[in-house]
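According to our numbering, the sequence shown is numbered sequentially starting from 15. Glycine included, every Cβ here is placed at the ideal spot set by N, Cα and C. What follows is a single structure, written as structure tokens, with notes after it.
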Amino acid sequence: MPDKHKIKELQNQIDLIDNDIISNLVKRKSIANQILSLKKELALPYYNPVREEEITNRLNILFKGKIEKKFINKIYQVIFKDSIKNHLLDSQFEIKNVWQSIESNPIIIAGPCAVESKKQINKIASEISKYGIKLLRGGAFKPRTSPDSFQGLGDKGIEYMRNAADNNNMFVVTEICDSSQLDKFADQIDVIQIGSRSMTAYGLLKKVGEKTASTKKPVLLKRGFNATLNEFLLASKYITDAGNPNVLLCLRGIRTFEQIDSKMRFTPDLSSILELKDMTDLKVIFDPSHSTGNAKYVKSVSKVALELGADGLMIETHYSPKDALSDSKQAILPKEILEIID
Ligand code: PEP
Ligand code: MN
């Protein structure tokens with residue numbers, strides 16, 4: 015006969031284990047802080063993805079068959095993030111290659127919608143790099159809905175992006191829209207962006223995969239705003255099958271009937287974060303700027319995206335949002351990004 019007292023007794027045992035878990039986490043954090051202080055004194059990078067991988071691999075081997083690998087990896091993702099979060103903004107934290115940036119947690123990509131001038135992109139890069147942000151976004155080739163809207167500075171825009179990134183120890187994340195742009199600029203771009211409107215340009219996706227097969231530089235693929243999750247994943251497969259496994263999936267809002275009277279430009283596809291994290295190992299980036307189209311909502315949507323497990327955010331920022339030549343309604347001030355990261 016099952017016994018209610020037995021349940022209580024087992025629950026008491028669980029309570030004691032929970033005490034141990036949290037007390038060990040507190041101890042772990044204190045030791046991690048000591049390590050970070052030493053690294054700071056020695057001017058070593060705080061973030062060490064190799065060590066993190068060693069830790070989870072060791073635990074996965076030790077507890078094989080007793081606990082799911084995915085579970086261990088998830089728990090440690092949170093623990094690692096918590097250990098380092100207060101140190102990431104330290105100005106001493108210098109990332110030397112784009113991979114360290116991509117592995118940082120969360121991955122923050124920020125910058126204006128479009129490169130508008132050499133001065134504009136330099137000013138924004140200089141400000142956000144002070145917050146520890148390493149991935150500078152900015153469109154040189156802008157696929158605008160209306161042919162009458164500002165189309166970007168084109169070739170000059172790429173030159174200004176490269177210059178601003180180099181001046182501020184950052185990496186260039188920018189969109190290319192066709193294969194001639196890819197041939198011309200692939201070497202100057204650190205993370206190649208494929209926009210929402212190009213998600214089904216399969217020839218381009220294949221070419222991007224082939225062109226980056228040797229360098230394996232990251233490709234940021236944005237979800238077509240009318241694409242299903244499967245279509246999105248199949249689009250990413252064009253790139254991975256062509257030889258580059260390093261695709262970052264970027265959710266950027268979808269078109270739904272909400273747009274009949276919603277104040278948002280698209281419907282933020284937040285629940286897709288949960289599903290993508292179950293469907294793929296690729297990193298998932300959320301774009302709160304295009305998905306809401308409204309600066310007022312960027313901060314709260316960003317927080318939710320991270321809570322739901324997004325690996326990072328891509329945020330549009332401008333020192334004078336109202337003067338931005340494109341997407342001015344959704345740009346936030348650089349210092350507001352700091353509030354999000356904090
Ligand atoms: C962008 O991020 O610059 C952009 C144009 O977004 P999307 O392709 O998602 O519309
Ligand atoms: Mn934009």
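**Study point:** Reference K310; option with closest CA among P335, E289, A324, I299
**Key:** P335
Practice item. Tell me whether the beta-carbon of Q207 lies closer than 8 Å to the beta-carbon of T226. Key: no
Review point. Apart from the five residues on each side of it in sequence, which residues of its chain come closer than 8 Å, Cβ to Cβ, to S210?
Key: K236, R237, G238, F239, R266, H304
Review point. Is any heavy atom in the ligand PEP found nearer than 7 Å to the beta carbon of P157?
Key: Yes, the ligand PEP has a heavy atom inside 7 Å of this Cβ.
Exercise for review: Using the beta-carbon of each residue, find all residues closer than 5 Å to any heavy atom of the ligand MN and list them in chain order.
Suggested key: C127, D341
Exercise for review: Classify R1 as helix, strand or coil using the three-state DSSP reduction.
Suggested key: Limits of the chain in this structure are 15 at one end and 356 at the other, which puts residue 1 out of reach.
**Study point:** Inter-residue spacing [alpha-carbon to alpha-carbon] between K95 and I89
**Key:** 10 Å
Check your understanding: Within 10 angstroms of its Cβ, does T9 collect 16 or more other Cβ (buried), or is it exposed?
Key -> Outside the shown range of the chain (15 to 356) lies residue 9, about which nothing can therefore be said.
Exercise for review: Tell whether a beta-carbon distance below 8 Å holds between K156 and G166.
Suggested key: yes
Review point. Is D250 near the ligand PEP, judged by its Cβ being under 7 Å from some heavy atom?
Key: For the record, residue 250 in the displayed sequence is Ser; it is not Asp. For the ligand PEP, not one heavy atom lies less than 7 Å from the Cβ of S250.
Review point. With distances taken from CA atoms, which of T229, F280, F185 is nearest N111?
Key: F185
Review point. Roughly how many angstroms lie between the CA atoms of K297 and S250, to the nearest whole one?
Key: 12 Å
Exercise for review: Within the same chain, show all residues whose beta-carbon is closer than 6 Å to that of S105, passing over the 5 residues directly before and after it, in chain order.
Suggested key: A caution first: S105 carries a pLDDT of 40, below 50, which makes its placement in the model unreliable, though a value can still be read off. Cβ neighbours of S105 beyond the five flanking positions: none.
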